[in-house]
């Protein structure tokens, strides 16, 4: 039987049922609901508007200077000639320092988060000290990180390394890609720790119990069950760290960035050029601001695109990891 | 096939061999458990036979799950827990200082109230325990996994999708998968903490039939708040009340003619 | 808050008590009708039997309902015992009807000149029934146990009456039909005693969870309540 006849007490004609729907439609216009939903809508539009304005401003002003030549040339010392200038070393410098930072910050951050979530007792003094330290670290101004990098990494670690390895020749005891990356790693550590902790906490304790009940050690449980599940969250932390670090200039000011390098950075002890710092340079050192403006905006645009590209790659990888986790083990 | 619990240095004989026929297999001797200052278990003494289903019943908070988790030392994972007394399985005190907890948990498996399959494939779920304990060859894994899934009455339903996610199974199937996973490493005891409480009646009935099959090979201890379930599947029943063991005996006796008034009241539904 | 299940159990117990009292009255009336040659009383017994039969149906119905709620321990024993006692009581009611019928028939004919031990047997049977039912009401298994050996007495009396009647029939063939009525009445009394014994055994099971049927064990084991 394909048709179902309704029981007899249901009204047969549609006109009878409208007496129900009439009651469900609002009988009077609710001003306050409308007002608040309108308000939230306006707020969203406002934010989008600001973002759009910024992006449009950058694109409109910088589009004229963007070219393949621009992004692939190592410039001469004169940055302000639009026909000869290029940003290739800055792109490479920014990219390298972000990558080296990631190599350091992810393992340290993840291990710290694992310790805090899986091993440490929540109420012990050490745990509270570590958490307080992580929280405070997140609030330190970036310039202070730069000074820290100078004082600790360069003047202490670098100089002592030089004494040990290079007979006090200045190799490590001066600004370098490595120290800038490490400084950035210290700065973005809280982000990675918090993101990792959140993703670890989101894993139901039942999974850990099941693994332990089968005779796994705590370490085996973490490596085989917990970490794989937490991977998307860890990658989120990485993405956030990359986004933050790509645009930061203050931490690298004293620790590794250079006004001008004739060649691309090839070694961890080399100095490097940077897109964000280059914007600063162009804005403050330019003899002719009208002429320089397009170059400036183009550099900003390249920085945005680079950050965007790094993020996209990371997000794609994370999406694949998520898909794999959902489908099977 | 039967390996040993290893208190270092001298590994003793296997559980079963050490237990003469008829002697109790699990002996709980004067066990008390404290969470900080509050006492959750009060001087529990109990002897459980081998290859028999024992049910722990009692109102919420009476300590039955706590005692169950003592049998495979899962309570070790909780901070601030102190356990007095001894628990002997196959004659060896599992709380002796030289006992390897990992080995213990290989001998004493556990199935939880809320089924907790790993977010991996069905195959990998059952293989997890096997790989942990050294089984690597694919042919060994394949045959053992099939054996376990058959024993859990799951094989026919999943044989065509062994490598699909375990999370795609229904609740009852997931719980049977957890049982298969637990028996894969050939434990001698299986502990079950309200295994069917989250399942519908039909899935529950299948789990109960499964338990009745499994008891031919394994010693089973099951915590349940469902007295009908305890009456249906257990051979012996222990009734707990506020941390104490009130009565322990053959299931039929507990449910038709209990000796203690507290048991009679609980079983007749007058409280709890 | 009411415990509905306990109310159901109590309801069952009450119904049994009502049925028991009707049955006891029927047996009492039937024996009296037999002794007093009271025709009207005999008719009333027949009518009361319908009420007893109705009670059995209601009790069985209620018991099945309670079983679906899965009673345990004492409640379980009560429900199963209730079904058995109601059946025994119903049969006792039937036997009482049979006695009443024979009483009616005997009342319409001149009495037989024979000294039978029937009154004593009737008294014993009635006493056994009363004691069994009191044991149920008072939850007294010791009292129930006292009845069980007395069944042999009743059996012996029935045998003696049977023999006496047979002899009388041989000697006085004109009394045959009246003697046969007496035989049947005696047999019914013996059956009433058997059923009372069953009830007593059921009461012991209910109170002590001991099944003493067919085993020859009539005393509680050492140390039980």
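Residue numbers (my numbering), protein chains in the order written: chain A, 57 to 385; chain B, 1119 to 1390; chain C, -17 to 207.
We put the CB at the ideal spot given by N, CA and C, even for glycine.
- [ ] Just tell me which of C:-3, C:98, C:46, C:2 has its CA closest to the CA of residue 116 (chain C).
- [x] Mapped onto the third chain, residue 116 (chain C) falls at position 134. Comparing Cα positions, the closest option is C:2.
TODO: Run the CB neighbour count on residue 346 (chain A), radius 10 Å, all protein chains shown included, and call it buried at 16 or more, exposed below.
DONE: The residue given as residue 346 (chain A) occupies position 290 in the first chain. Residue 346 (chain A) should be labelled exposed.
Open item on the list: Please confirm whether residue 1131 (chain B) has its beta-carbon closer than 8 Å to some beta-carbon of chain C.
Closed with: By one-based count along the second chain, residue 1131 (chain B) stands at place 13. Residue placement at residue 1131 (chain B) is flagged as unreliable, the pLDDT there being 36, under the threshold of 50; the coordinate-derived value follows with that caveat. By this cut-off, residue 1131 (chain B) is not an interface position.
Open item on the list: Under 8 Å: do the stretch 1366 to 1382 of chain B and the stretch 31 to 50 of chain C share three or more Cβ pairs, one atom per stretch?
Closed with: no
- [ ] Please confirm if residue 1374 (chain B) has its CB atom under 8 Å from at least one CB of chain C.
- [x] Walking along the second chain from the start, residue 1374 (chain B) turns up at place 256. At least one chain C Cβ lies under 8 Å of residue 1374 (chain B).
TODO: To the nearest angstrom, report how far apart residue 118 (chain A) and residue 130 (chain A) are at their CA atoms.
DONE: Reading the first chain from its first residue, position 62 is the one you call residue 118 (chain A). Reading the first chain from its first residue, position 74 is the one you call residue 130 (chain A). Rounded to the nearest angstrom, the two C-alpha atoms are 19 Å apart.
Task: Buried versus exposed, by CB contacts within 10 Å (16 or more), residue 1212 (chain B) - done: Here the question's residue 1212 (chain B) lines up with position 94 in the second chain. Label assigned to residue 1212 (chain B): buried.
- [ ] Could you name the residues that DSSP lists as bridge partners for residue 1358 (chain B)?
- [x] Position 240 of the second chain, counting from 1, holds the residue named residue 1358 (chain B). DSSP lists B:1363 as partners of residue 1358 (chain B).
Open item on the list: Give me the residue from A:238, A:150, A:223, A:208 with the minimum Cα distance to residue 157 (chain A).
Closed with: Sequence index remark: in the first chain, residue 157 (chain A) carries index 101 (1-based). Here the closest residue by C-alpha is A:238.
Task: Start and end residues, beta strand (DSSP E) containing residue 1166 (chain B) - done: The sequence position of residue 1166 (chain B) within the second chain is 48, counting from 1. Run containing residue 1166 (chain B): 1156 to 1166, per the beta strand (DSSP E) assignment.
TODO: Could you tell me which uninterrupted beta strand (DSSP E) segments, each at least 3 residues in length, are contained entirely in the stretch 22 to 65 of chain C, listed from first to last along the chain?
DONE: none
- [ ] Starting from the beta carbon of residue 1364 (chain B), find every residue of chain C whose beta carbon is closer than 9 Å, and list them in chain order.
- [x] Mapped onto the second chain, residue 1364 (chain B) falls at position 246. Those within 9 Å of residue 1364 (chain B) in chain C number zero; the least Cβ separation is about 14 Å.
- [ ] Return the Cβ separation of residue 244 (chain A) and residue 161 (chain A) in integer angstroms, given the expectation that the two are a contact with Cβ distance under 8 Å.
- [x] By one-based count along the first chain, residue 244 (chain A) stands at place 188. By one-based count along the first chain, residue 161 (chain A) stands at place 105. The pair is a contact, with the Cβ atoms about 5 Å apart (cut-off 8 Å).
Task: Within 8 Å of chain A by C-beta, residues of the stretch 1192 to 1205 of chain B in sequence order - done: 1192, 1195, 1197
Task: Close-in-space but distant-in-sequence residues of the same chain around residue 1248 (chain B) (CB under 7 Å, 5 per side omitted) - done: Taking the first residue of the second chain as position 1, residue 1248 (chain B) is located at position 130. Once the five neighbours on either side are set aside, the close Cβ partners of residue 1248 (chain B) are 1259, 1262, 1302, 1303.
Task: Contact set between the stretch 251 to 285 of chain A and chain B, restricted to residues whose Cβ is under 8 Å from the partner - done: 260, 262, 263, 265, 266, 267, 268, 269, 270, 271, 272, 273, 276, 280, 281, 285
TODO: Look at the alpha carbon of residue 173 (chain C) and the alpha carbon of residue 74 (chain C), and state the distance between them as a whole number of angstroms.
DONE: Here the question's residue 173 (chain C) lines up with position 191 in the third chain. Here the question's residue 74 (chain C) lines up with position 92 in the third chain. Rounded to the nearest angstrom, the two C-alpha atoms are 8 Å apart.
- [ ] Assign residue 19 (chain C) to one of three DSSP states: helix, strand, or coil.
- [x] By 1-based counting over the third chain, the position of residue 19 (chain C) is 37. Looking at residue 19 (chain C) - three-state DSSP - the assignment turns out to be coil, as it is neither helix nor strand.
TODO: Classify residue -16 (chain C) as helix, strand or coil using the three-state DSSP reduction.
DONE: If you number the third chain from 1, residue -16 (chain C) lands on position 2. Three-state result, residue -16 (chain C): coil.
TODO: Say whether the stretch 266 to 275 of chain A touches the stretch 307 to 315 of chain A, bearing in mind that this needs 3 or more beta-carbon pairs closer than 8 Å, one atom from each stretch.
DONE: no
Task: Minimum length 4: unbroken alpha helix (DSSP H) runs contained in the stretch 123 to 152 of chain A - done: 124 to 128
Open item on the list: By the three-class DSSP mapping on this structure, what secondary structure does residue 1277 (chain B) have?
Closed with: Walking along the second chain from the start, residue 1277 (chain B) turns up at place 159. It is coil, neither helix nor strand.
Task: Beta-carbon proximity check, residue 1143 (chain B) vs residue 1166 (chain B), cutoff 8 Å - done: By 1-based counting over the second chain, the position of residue 1143 (chain B) is 25. By 1-based counting over the second chain, the position of residue 1166 (chain B) is 48. For residue 1143 (chain B) and residue 1166 (chain B), yes; Cβs fall inside 8 Å.
Open item on the list: Tell me the DSSP secondary structure of residue 1189 (chain B) in three-state form.
Closed with: Translated into the one-based positions of the second chain, residue 1189 (chain B) becomes position 71. In the structure shown, residue 1189 (chain B) sits in coil (DSSP, three-state: anything other than H, G, I, E or B).
Task: chain C contact residues for residue 1386 (chain B), given Cβ-Cβ distances below 7 Å - done: If you number the second chain from 1, residue 1386 (chain B) lands on position 268. In chain order: 54, 55, 56, 57.
Open item on the list: So, for residue 1119 (chain B): in the same chain, excluding its five sequence neighbours on each side, which residues have a beta-carbon less than 6 Å away from its beta-carbon?
Closed with: By 1-based counting over the second chain, the position of residue 1119 (chain B) is 1. Low confidence applies to residue 1119 (chain B): its pLDDT is 37, below 50, so where it sits in the model is not reliable enough to give any reading.
- [ ] Mark residue 331 (chain A) as exposed unless 16 or more other C-beta atoms lie within 10 angstroms of its C-beta, in which case mark it buried.
- [x] Residue mapping note: residue 331 (chain A) aligns to position 275 of the first chain, counting from 1. Result: buried.
Open item on the list: Are the CB atoms of residue 281 (chain A) and residue 169 (chain A) within a distance shorter than 8 Å?
Closed with: Locating residue 169 (chain A) in the first chain gives position 113, counting from the first residue. Locating residue 281 (chain A) in the first chain gives position 225, counting from the first residue. No, the Cβ-Cβ distance between residue 169 (chain A) and residue 281 (chain A) is not below 8 Å.
Task: residue 201 (chain A) versus residue 207 (chain A): straight-line alpha-carbon distance, rounded - done: Residue 201 (chain A) sits at position 145 when you count from the first residue of the first chain. Residue 207 (chain A) sits at position 151 when you count from the first residue of the first chain. Going from the Cα of residue 201 (chain A) to the Cα of residue 207 (chain A) covers about 10 Å.
TODO: Mark residue 1355 (chain B) as exposed unless 16 or more other C-beta atoms lie within 10 angstroms of its C-beta, in which case mark it buried.
DONE: Here residue 1355 (chain B) corresponds to residue number 237 of the second chain, with the count starting at 1. Looking at its Cβ environment, which holds 16 or more other Cβ atoms inside 10 Å, residue 1355 (chain B) is buried.
- [ ] Have a look at A:343, A:154, A:137, A:166 and flag the residue whose alpha-carbon is nearest the alpha-carbon of residue 304 (chain A).
- [x] Position 248 of the first chain, counting from 1, holds the residue named residue 304 (chain A). Cα-wise, what sits closest to residue 304 (chain A) is A:154.
TODO: Report back the beta-carbon spacing between residue 174 (chain A) and residue 274 (chain A) to the nearest angstrom; my notes put them in contact at under 8 Å.
DONE: Along the first chain, one-based indexing puts residue 174 (chain A) at 118. Along the first chain, one-based indexing puts residue 274 (chain A) at 218. Correct: roughly 7 Å between the Cβ atoms.
Open item on the list: Rounded to the nearest angstrom, what separates residue 1125 (chain B) and residue 1186 (chain B) at their Cα positions?
Closed with: Position 7 of the second chain, counted from the start, is the residue given in the question as residue 1125 (chain B). Position 68 of the second chain, counted from the start, is the residue given in the question as residue 1186 (chain B). In this predicted model, residue 1125 (chain B) has a pLDDT of only 38, less than 50, meaning its place in the structure is not dependable enough to derive any value.
TODO: Specify whether the stretch 1305 to 1323 of chain B and the stretch 1211 to 1230 of chain B touch according to this definition: at least 3 beta carbon pairs, one from each stretch, less than 8 Å apart.
DONE: yes
- [ ] Would you verify that the beta carbon of residue 1283 (chain B) is, or is not, closer than 8 Å to some beta carbon of chain A?
- [x] In the second chain, the residue the question calls residue 1283 (chain B) occupies position 165. Residue 1283 (chain B) counts as touching chain A.
Task: Three-state secondary structure (DSSP) of residue 1172 (chain B) - done: Indexing the second chain from 1 puts residue 1172 (chain B) at position 54. In this structure, residue 1172 (chain B) counts as strand in the three-state DSSP scheme.
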